[in-house]
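Undergrad: Residue numbers for the sequence shown follow our numbering, so the first one is 175 and each next one is one higher. Each residue gets a CB set at the ideal place from its N, CA and C atoms; glycine is no exception.
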Amino acid sequence: PQTKSVAAFHQMNCLNHIRQSLYTAAIAATSPASEDDEDDYYASRLPALEHHWRHCLDYLRQSLMCNADITLEKIDASGEKELGSVDGWGTEHLCRDWEGLRTWTEGANRGSLLKGVGT
């Protein structure tokens, strides 16, 4: 039988990878230059991370388009919100039972479906 993984865990893994890549890039950009560029751990990691985060951004784009949340969010026309006219806070969404999904995948003969879940 073919081994498979639950897409939600792949999506969370990708989100975590993008988060780690952003932190790595921010640290590399703000760290003082070392005398030996080869010793600059964060800057040296960026090229290796690039292929994976490019995959992850596109994978998450496809996932969002496939599972588009049609919840109506309030628009703040006052211009007072720091993030713009729609920030999503205070809006109730219909969500999946994440803990139920984890419990189900941890069940008998499904532990391998959690592959990639470290988040």
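CB C240 to CB H191, shorter than 8 angstroms?
TA: Residue 240 sits at position 66 when you count from the first residue of the sequence shown. Residue 191 sits at position 17 when you count from the first residue of the sequence shown. Result no, Cβ atoms of C240 and H191 do not sit closer than 8 angstroms.
Undergrad: Count the other CB atoms within 10 Å of the CB of K178; is the residue buried (16 or more) or exposed (fewer)?
TA: Numbered from 1 along the sequence shown, position 4 holds the residue referred to as residue 178. It is exposed - the Cβ of K178 has fewer than 16 other Cβ atoms within 10 Å.
Undergrad: So what does DSSP say about H267, is it helix, strand or coil?
TA: As a position in the sequence shown, residue 267 is number 93, starting the count at 1. Three-state DSSP puts H267 in coil, outside helix and strand.
Undergrad: Which residue from D243, H225, Y233 puts its Cα closest to that of F183?
TA: Residue 183 sits at position 9 when you count from the first residue of the sequence shown. Of the listed residues, the one whose Cα sits closest to F183 is Y233.
Undergrad: Can you grab the Cα-Cα spacing for the pair G224 / Q194, in whole Å?
TA: Position 50 of the sequence shown, counting from 1, holds the residue named residue 224. Position 20 of the sequence shown, counting from 1, holds the residue named residue 194. Correcting the residue identity first, residue 224 is Glu in this sequence and not Gly. Taking the straight line joining both Cα atoms gives about 11 angstroms.
Undergrad: In whole angstroms, what separates the C-alpha of L189 from that of G253?
TA: Mapped onto the sequence shown, residue 189 falls at position 15. Mapped onto the sequence shown, residue 253 falls at position 79. Their backbone Cα atoms lie some 29 angstroms apart in a straight line.
Undergrad: Indicate whether I249 and S237 have their beta-carbon atoms separated by less than 8 angstroms.
TA: As a position in the sequence shown, residue 249 is number 75, starting the count at 1. As a position in the sequence shown, residue 237 is number 63, starting the count at 1. Cβ distance not < 8 angstroms, so I249 and S237 don't count as in contact.
Undergrad: From the DSSP output, in three-state form, read off E212 for me.
TA: As a working note, residue 212 is residue 38 in the sequence shown. Residue placement at E212 cannot be trusted, given a pLDDT of 49 that sits under 50; what the coordinates show is reported in the next sentence. The answer is helix: DSSP assigns E212 an H, G or I state.
Undergrad: If you run the structure through DSSP and keep just helix, strand and coil, what is N241?
TA: Taking the first residue of the sequence shown as 1, we reach residue 241 at position 67. Here N241 sits in coil by DSSP.
Undergrad: Can you tell me which of D261, D243, R276, A242 puts its alpha carbon nearest to the alpha carbon of A251?
TA: As a first step, residue 251 is located in the sequence shown; it is residue number 77 there, counting from the start. Taking only the C-alpha atoms, the option nearest A251 is D261.
Undergrad: May I have the straight-line CA-CA distance separating A203 from H226, to the nearest angstrom?
TA: Taking the first residue of the sequence shown as 1, we reach residue 203 at position 29. Taking the first residue of the sequence shown as 1, we reach residue 226 at position 52. Straight-line Cα distance between these residues: approximately 20 angstroms.
Undergrad: Rounded to the nearest angstrom, what separates Q185 and W278 at their Cα positions?
TA: As a first step, residue 185 must be located in the sequence shown, where it is residue number 11. As a first step, residue 278 must be located in the sequence shown, where it is residue number 104. Each residue's alpha carbon lies about 17 angstroms from the other.
Undergrad: Is it true that the CB of V180 sits closer than 8 angstroms to the CB of L275?
TA: Counting from 1 along the sequence shown, the entry for residue 275 is found at position 101. Counting from 1 along the sequence shown, the entry for residue 180 is found at position 6. For L275 and V180, yes; Cβs fall inside 8 angstroms.
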